[in-house]
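For reference, the structure discussed in these notes is given below.
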Amino acid sequence: MAGIDIQGLSDNIKNYPPLRANRYNVFIKFPPSMNGSLEGPLWASSVTFPGRSIATVEKRMFGPQRDMPYERLFSGDLDITFMVRGGNWIRNQMEKWMDNIIDPETNRLSEDRHQYLGNIEIDLLDIKNEIQYGITVNEVFPKMISPIQLSYQSENELIQQSISFSFRNYEQRNESDSNDGP
Numbered sequence: 000m001a002g003i004d005i006q007g008l009s010d011n012i013k014n015y016p017p018l019r020a021n022r023y024n025v026f027i028k029f030p031p032s033m034n035g036s037l038e039g040p041l042w043a044s045s046v047t048f049p050g051r052s053i054a055t056v057e058k059r060m061f062g063p064q065r066d067m068p069y070e071r072l073f074s075g076d077l078d079i080t081f082m083v084r085g086g087n088w089i090r091n092q093m094e095k096w097m098d099n100i101i102d103p104e105t106n107r108l109s110e111d112r113h114q115y116l117g118n119i120e121i122d123l124l125d126i127k128n129e130i131q132y133g134i135t136v137n138e139v140f141p142k143m144i145s146p147i148q149l150s151y152q153s154e155n156e157l158i159q160q161s162i163s164f165s166f167r168n169y170e171q172r173n174e175s176d177s178n179d180g181p
């Protein structure tokens, strides 16, 4: 049985420390139809990092069946919960965005899809606040603004707003081999 190389393990952790689930930034790039934007990284208290998979179909040439891939899938919605702060309120911005998609007076869908699609950037940070992994989520629009529960009994709680975004796919940014680790 091989021994454990403690020094090698220690060096590995120093050079490539584990990333923490509470070190990230979220930026929203609004579509062209939106006037104004939210400045800087948003106060996102939680983000469901999107997943992906490959769709397969079973094929049999001879012998046992095999799964054959045929397309990429990006599953589910992008769910983000924001801490609500004064000023340019996130809910107000999302309602305006939704009103640009479907006009609230005529209930008509915008004819130009590109006028209501935006992007969201999510960056995973290390302990030095340097980006270790970043993605751009493409063709994003708000799908659902969740209700907010208010209560006189919640004296010391912050208001949080959950929003689900529809998206098409995501792309990895900053593809540096130096950040990949061993």
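Counting from 0, one number per residue, gives the positions in the sequence shown under numbering that gives the first Met the number 0. All residues carry an ideal CB built from backbone N, CA and C; glycine is no exception.
Rounded to whole angstroms, what's the CA-CA distance from residue 24 to residue 98? Just pull it up for me.
Walking along the sequence shown from the start, residue 24 turns up at place 25. Walking along the sequence shown from the start, residue 98 turns up at place 99. Roughly 26 Å separates the two Cα atoms.
Tell me whether residue 148 sits in a helix, a strand or coil according to DSSP, three-state version.
The sequence position of residue 148 within the sequence shown is 149, counting from 1. Three-state result, residue 148: coil.
From the DSSP output, read off the bridge partner residues of residue 29.
To locate residue 29, count along the sequence shown from 1; it is residue 30. According to DSSP, which records beta bridges pairwise, residue 29 is partnered with nothing at all.
Burial state of residue 117, where buried means 16 or more other Cβ atoms lie within 10 Å:
Walking along the sequence shown from the start, residue 117 turns up at place 118. Its Cβ being crowded by 16 or more others within 10 Å, residue 117 is buried.
Nearest-angstrom Cβ-Cβ length linking residue 73 and residue 168, presumed shorter than 8 Å
Your numbering for residue 73 matches position 74 in the sequence shown. Your numbering for residue 168 matches position 169 in the sequence shown. So it is a contact: roughly 5 Å between Cβ atoms.
Check residue 131 in the structure and name its three-state DSSP category.
As a working note, residue 131 is residue 132 in the sequence shown. When secondary structure is reduced to three states using DSSP, residue 131 falls in the strand class.
Mapping DSSP to helix, strand and coil, what is residue 118?
The residue given as residue 118 occupies position 119 in the sequence shown. Residue 118 falls in the strand class under three-state DSSP.
Taking DSSP as the reference, what is the three-state secondary structure of residue 60?
Along the sequence shown, read from residue 1 onward, the residue named residue 60 stands at position 61. Residue state, collapsed to three classes: coil.
Quick check on residue 41: buried or exposed, where buried means 16 or more other Cβ atoms within 10 Å of its Cβ?
Looking up residue 41 in the sequence shown gives position 42. Residue burial is scored here from C-beta neighbours: residue 41 has at least 16 other C-beta atoms within 10 angstroms and is therefore classed as buried.
Residue 109 by DSSP, collapsed to three states: which one?
Translated into the one-based positions of the sequence shown, residue 109 becomes position 110. Judged by DSSP in its simplified three-state form, residue 109 adopts coil rather than helix or strand.
Taking the straight line between their C-alpha atoms, what separation do you get for residue 16 and residue 132?
Locating residue 16 in the sequence shown gives position 17, counting from the first residue. Locating residue 132 in the sequence shown gives position 133, counting from the first residue. A straight line joining the alpha-carbon of residue 16 with that of residue 132 spans about 13 Å.
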